[in-house]
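Following: one structure in C-alpha cells, then a few remarks.
2 protein chains.
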Amino acid sequence: MEFPSKLIENAVGELARLPGIGRKTALRLALHLLKAEMDTTATLAEALAKMRFEITYCKTCHSISDSEECGICANKLRDHSLVCVVSDVRDVIAIENTGQYKGVYHVLGGVISPIEGIGPSDLHIDSLVERAAAEDSEVREIILAISPTMEGDTTAFYLSRRLRDLPQVHISTIARGIPMGGELEYADEITLGRSIVERLRQAR
Amino acid sequence: MEFPSKLIENAVGELARLPGIGRKTALRLALHLLKAEMDTTATLAEALAKMRFEITYCKTCHSISDSEECGICANKLRDHSLVCVVSDVRDVIAIENTGQYKGVYHVLGGVISPIEGIGPSDLHIDSLVERAAAEDSEVREIILAISPTMEGDTTAFYLSRRLRDLPQVHISTIARGIPMGGELEYADEITLGRSIVERLRQAR
Numbered sequence: 001m002e003f004p005s006k007l008i009e010n011a012v013g014e015l016a017r018l019p020g021i022g023r024k025t026a027l028r029l030a031l032h033l034l035k036a037e038m039d040t041t042a043t044l045a046e047a048l049a050k051m052r053f054e055i056t057y058c059k060t061c062h063s064i065s066d067s068e069e070c071g072i073c074a075n076k077l078r079d080h081s082l083v084c085v086v087s088d089v090r091d092v093i094a095i096e097n098t099g100q101y102k103g104v105y106h107v108l109g110g111v112i113s114p115i116e117g118i119g120p121s122d123l124h125i126d127s128l129v130e131r132a133a134a135e136d137s138e139v140r141e142i143i144l145a146i147s148p149t150m151e152g153d154t155t156a157f158y159l160s161r162r163l164r165d166l167p168q169v170h171i172s173t174i175a176r177g178i179p180m181g182g183e184l185e186y187a188d189e190i191t192l193g194r195s196i197v198e199r200l201r202q203a204r
Numbered sequence: 001m002e003f004p005s006k007l008i009e010n011a012v013g014e015l016a017r018l019p020g021i022g023r024k025t026a027l028r029l030a031l032h033l034l035k036a037e038m039d040t041t042a043t044l045a046e047a048l049a050k051m052r053f054e055i056t057y058c059k060t061c062h063s064i065s066d067s068e069e070c071g072i073c074a075n076k077l078r079d080h081s082l083v084c085v086v087s088d089v090r091d092v093i094a095i096e097n098t099g100q101y102k103g104v105y106h107v108l109g110g111v112i113s114p115i116e117g118i119g120p121s122d123l124h125i126d127s128l129v130e131r132a133a134a135e136d137s138e139v140r141e142i143i144l145a146i147s148p149t150m151e152g153d154t155t156a157f158y159l160s161r162r163l164r165d166l167p168q169v170h171i172s173t174i175a176r177g178i179p180m181g182g183e184l185e186y187a188d189e190i191t192l193g194r195s196i197v198e199r200l201r202q203a204r
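Written out as C-alpha cells, the structure reads:
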C-alpha cells in the first residue's frame, strides 16, 4: 500500500504493530483521527504515553497500580490469607468483575513457555514463594487461577512443586467444568470427564 | 469493568473511542503496550500526534499531503486532463494501488448525506467546478468514482448537474458489473442487470 503522505505512513505503520490490527484497520483509524478534532488525537497520544511512563507495579502482588501498593493489597477489608495466583493483570480485572472474590492476588506476569523462551525466573514466582514462606506471612491458601492450556498447566505444576514444602499453606485450583449456559453435548471430552469426576455433592 | 489504575482506565477509555475498538480490545492493546518496550508507546504516540498536527491537504485536489501540493498533482508525467472524483483519501490509495490510473484526483471529503447533515457546501464541490471551469483549465474528463450507495449516487447526480454546463468536459462513471471472481448466480439483480445493459462489445 502506498500512502500520499509520510506522516500517515508512519502513523499507520505504528498502529499496525499493535496486536490484531492490520494495515487496513490502521489506515481506517488514522483517517478517523484526521477527521476528528485535533483534541481527540492529542488526548489519545497523551493518555498512552502517560500510562506507559507513569504506571507502577504493586510491590506485593505485581499488579498494575498507581502507587507502590495497589488498591487491593492496601485494602484491610480483604482477606490477606487468601492469595489468587494469575498470569496477567487482565485476569485480576476479570475476577474482580465477578464480585465473588475477597482475597488478594499475585500476578506472575506470564506463564512458563519454553517455545517463547520464558522460564520460571522470568516470572514473579520467587516473590510468591517468599511471600508465602515469610515468617510473618498471613497466607493460608493459594488458589492457582491459571488458564488450563499446556503452558498454564506446566506453570501450575511447577508452582505446586515449589509450594509443597509449606505445610501451613493449602494449594487449590479454580474448578474446571461445564460453563454456565453451556450445552453438555458440545463440551469437549476432557472437560466433561473432569466435571463428572470432580462433581459437587449437593447439600441436604 | 473496573481497572486497578486510573492511568490504564484513561488509556483504555481513549482507545475505545476509536471506531471498531471496544473496551476489551482497548484493554488488550493497553496491556500489550505496557509489556512492550517504552519506545514502542513513545513512537506510537509521537507518530499519531505528528500526523494529526502536521498533516496538510493539497490545495488542488484536497488529498492528504506533506506539502501544499500533493505528489500526484505535482507530477508532470500524470495526465492532468483526467480528474477522478472520489469521496475519501482511502479511495485515492485504493485506486493508486491498482496501478491502472494515470490521471489526477479530486477528493470531496465525504458524500452528500441529509441524515448526517452533510450538504454540498460541506464538500469540496465548488472547488471542483472552479477547477474544471477555469479559463486555463486542462480538464477534459471527470470520472465520478463514488461508491454506488444511496448517498454516493445522490452526490454523483448532484455533481453531474453542476458540471453539465461545461461543454468541453466529459463526465464518466466507473463501470458497475460483476466483480472478478464473482459468481453470476450470487450477484444482486441490479448489478447483474446493469452488467448486461452496459455490456462490453469484444474487439474483433
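As you go down the protein sequences, you meet chains L and W in turn.
Just so you know, we're using UniProt numbering here: the first sequence kicks off at 1 and counts up by one.
Just so you know, we're using UniProt numbering here: the second sequence kicks off at 1 and counts up by one.
Heads up, the beta-carbon is just placed ideally off N, CA and C, and yes, glycines get one too.
Cross-chain neighbours of residue i in chain L, by beta carbon under 7 Å
i                : result
Ser65 (chain W)  : Pro4 and Ser5
Glu96 (chain W)  : Glu2
Arg78 (chain W)  : Residues of chain L passing the Cβ test: none, with the nearest at roughly 13 Å.
Val139 (chain W) : The contacting residues do not exist; Val139 (chain W) stays about 20 Å from chain L at best.
Val111 (chain W) : What Val111 (chain W) touches in chain L: nothing, since even the nearest Cβ is about 13 Å away.
CB contact flag (residue i, residue j, <8 Å)
i                : j                : result
Gly152 (chain L) : Ile146 (chain L) : yes
Leu48 (chain W)  : Ala11 (chain L)  : yes
Val92 (chain L)  : Val107 (chain L) : yes
Met51 (chain W)  : Ile21 (chain L)  : no
Ile178 (chain W) : Leu192 (chain W) : yes
Ser65 (chain L)  : Glu138 (chain L) : no
Ser87 (chain L)  : Gly110 (chain L) : yes
Gln168 (chain W) : Arg140 (chain W) : yes
Glu46 (chain L)  : Leu44 (chain W)  : no
Pro4 (chain W)   : Val197 (chain L) : no
Ala187 (chain L) : Thr173 (chain L) : no
Asp79 (chain L)  : Gly103 (chain L) : yes
Val38 (chain W)  : Arg23 (chain W)  : The sequence given here places Met at residue 38 (chain W); Val does not occur at that position. No, the Cβ-Cβ distance between Met38 (chain W) and Arg23 (chain W) is not below 8 Å.
Ser63 (chain L)  : Tyr101 (chain L) : no
Arg176 (chain W) : Ser195 (chain W) : yes
Amino acids of chain W, ordered along the chain, whose beta-carbon sits closer than 8 Å to that of residue i
i                : result
Pro179 (chain L) : Simply none; closest approach about 18 Å.
Pro19 (chain L)  : Arg28, Leu29 and His32
Thr25 (chain L)  : Gly20
Ile55 (chain L)  : Ser5, Leu7, Ile8 and Leu34
Val86 (chain L)  : Near Val86 (chain L) there are no residues of chain W at all, since even the closest Cβ is about 12 Å away, more than 8 Å.
Per-residue DSSP class, three states only, for residue i
i                : result
Asp79 (chain L)  : strand
Glu141 (chain W) : strand
His124 (chain L) : coil
Glu69 (chain L)  : coil
Ala203 (chain L) : coil
Ala175 (chain L) : coil
Ile196 (chain L) : helix
Phe157 (chain W) : helix
Thr149 (chain W) : coil
Met51 (chain L)  : helix
Glu37 (chain L)  : coil
Asp188 (chain W) : coil
Leu18 (chain W)  : coil
Glu135 (chain L) : coil
Glu46 (chain W)  : helix
Arg164 (chain L) : coil
Glu96 (chain L)  : helix
Glu2 (chain W)   : coil
Glu130 (chain W) : helix
Partner residues on chain W for residue i, Cβ-Cβ distance less than 7 Å
i                : result
Gly71 (chain L)  : Pro4
Ala42 (chain L)  : Ala49
Met38 (chain L)  : Arg52 and Phe53
Val104 (chain L) : Near Val104 (chain L) there are no residues of chain W at all, since even the closest Cβ is about 12 Å away, more than 7 Å.
Opposing strand residues paired with residue i [DSSP bridges]
i                : result
Val12 (chain W)  : According to DSSP, Val12 (chain W) bridges with nothing at all.
His170 (chain W) : W:Glu141
Cys84 (chain L)  : L:Tyr105 and L:Ile143
Ile64 (chain W)  : W:Tyr57
Ile118 (chain L) : L:Ser113
Neighbour list for residue i in chain L, Cβ cutoff strictly below 8 Å
i                : result
Asn10 (chain W)  : Ala47, Lys50 and Met51
Val83 (chain W)  : The contacting residues do not exist; Val83 (chain W) stays about 16 Å from chain L at best.
Val92 (chain W)  : Pro4
Val197 (chain W) : In chain order: nothing, as chain L lies at least about 33 Å away.
Val129 (chain W) : The contacting residues do not exist; Val129 (chain W) stays about 23 Å from chain L at best.
Integer Cβ distance of residue i from residue j, believed to fall under 8 Å
i                : j                : result
Val85 (chain L)  : Leu166 (chain L) : Actually they do not touch by this definition, with Cβ atoms about 14 Å apart.
Arg162 (chain W) : Ile125 (chain W) : 7 Å
Cys73 (chain W)  : Thr60 (chain W)  : 5 Å
Leu31 (chain W)  : Thr41 (chain W)  : Not a contact, Cβ separation roughly 12 Å.
Leu29 (chain W)  : Leu29 (chain L)  : Not really, about 11 Å apart at Cβ, beyond 8 Å.
Neighbour list for residue i in chain C, Cβ cutoff strictly below 7 Å
i               : result
Glu14 (chain W) : The structure shown contains no chain C; the protein chains it does contain are L and W.
Chain-ordered neighbours of residue i on chain W, where CB pairs are closer than 9 Å
i                : result
Val169 (chain L) : Here the premise fails: no neighbours, minimum Cβ distance about 25 Å.
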